[in-house]
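Residues 24 to 248 in our numbering are what the sequence shown lists, from first letter to last.
Quick reminder that beta carbons are idealized off the backbone N, C-alpha and C, glycines included.
Structure, as structure tokens:
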Amino acid sequence: MRALACFCRDHPRWGASNTALARWLPPVYEDGISEPRGWNPHFLYHGVPLPPVREVTRQVIEVSNEAVTEDDQYTDMLMAWGQYIGHDIAFTPQSVSEAPFGGGADCQLTCENRNPCFPIQIITLRDYVPSILGPEAFGQHVGPYKGYDPTVDPTVSNVFSTAAFRFGHTTVHPVVRRLNASFQEQPGLPPLSLQDAFFSPWRLLKEGTPATLLSLPPQGGAWPP
24 MRALACFCRD HPRWGASNTA LARWLPPVYE DGISEPRGWN PHFLYHGVPL
74 PPVREVTRQV IEVSNEAVTE DDQYTDMLMA WGQYIGHDIA FTPQSVSEAP
124 FGGGADCQLT CENRNPCFPI QIITLRDYVP SILGPEAFGQ HVGPYKGYDP
174 TVDPTVSNVF STAAFRFGHT TVHPVVRRLN ASFQEQPGLP PLSLQDAFFS
224 PWRLLKEGTP ATLLSLPPQG GAWPP
């Protein structure tokens with residue numbers, strides 16, 4: 024059975040809020056405390072230092088901007104939703120929703136099927152995950168909801184949050200377009216490269232948010248359906 028607090032009775036800490044990410048392997052630090060592997064260039068592995076993590080990433084998944092083509096099936100809403108749930112899973116949400124407090128419900132205290140908590144699950148499992156995995160893989164590995172399983176630990180793992188789910192960064196388009204209400208390029212607001220768009224919150228204040236938000240649905244294909 025499941026408790027009113029939404030937790031498994033036998034394992035009440037499984038999937039609980041404000042708990043640490045699960046580890047699949049024991050931590051390995053160069054100094055035994057906190058230094059990540061490769062931090063100290065003088066620390067050798069099999070006689071050689073580890074390459075910088077950034078260099079490993081660049082060599083493995085580097086893609087030139089010229090090789091990026093617009094998807095004819097999915098829009099940038101797919102990327103935006105992945106970013107939204109990714110930060111929520113990693114305990115770094117962009118903002119705290121005040122919507123549930125208006126009706127007296129708190130997502131951390133209730134399992135009531137209402138906004139904004141419940142729709143997040145619906146959109147993620149109905150639209151986002153099948154679009155990422157594809158219908159065949161989704162049907163094989165996820166499939167329709169079969170009911171609550173008290174033997175499954177829903178705790179988010181650090182290897183998923185900090186490694187596997189980082190794939191979403193590859194769905195970010197290298198160019199950010201700012202559009203008007205007719206979904207045409209906004210005069211005076213030319214397209215931005217990511218290096219000019221990232222870490223530039225002043226643009227939202229001086230150039231406005233509508234032009235950027237309007238670029239999410241039309242840029243690419245037609246997700247969500």
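Here the segment 92 to 108 makes contact with the segment 185 to 200; the two share three or more CB pairs at distances below 8 Å. 7 Å or more divides the Cβ of G38 from the Cβ of T185. Judged by DSSP in its simplified three-state form, P177 adopts coil rather than helix or strand. The Cβ-Cβ distance between R60 and E53 falls below 7 Å.
Nearest in C-alpha terms to D111, of all of A220, S40, A204, is S40. A residue is called buried once 16 or more other Cβ atoms fall within 10 Å of its Cβ, and T80, having fewer, is exposed. The alpha-carbon separation between A113 and F188 amounts to approximately 10 Å. By the neighbour-count criterion, in which 16 or more other beta carbons inside 10 Å mark a residue as buried, L101 falls on the buried side. The C-beta distance from V182 to T235 rounds to 32 Å, too long to fall under 8 Å, and the pair is not in contact.
Its chain contains F188, G191 as the residues whose beta carbon lies nearer than 7 Å to that of G109, once the 5 sequence neighbours on both sides are disregarded; these appear in chain order. Here E208 carries a strand assignment [DSSP, helix/strand/coil]. It is roughly 32 Å from the alpha-carbon of E230 to the alpha-carbon of I155. Here P214 carries a coil assignment [DSSP, helix/strand/coil].
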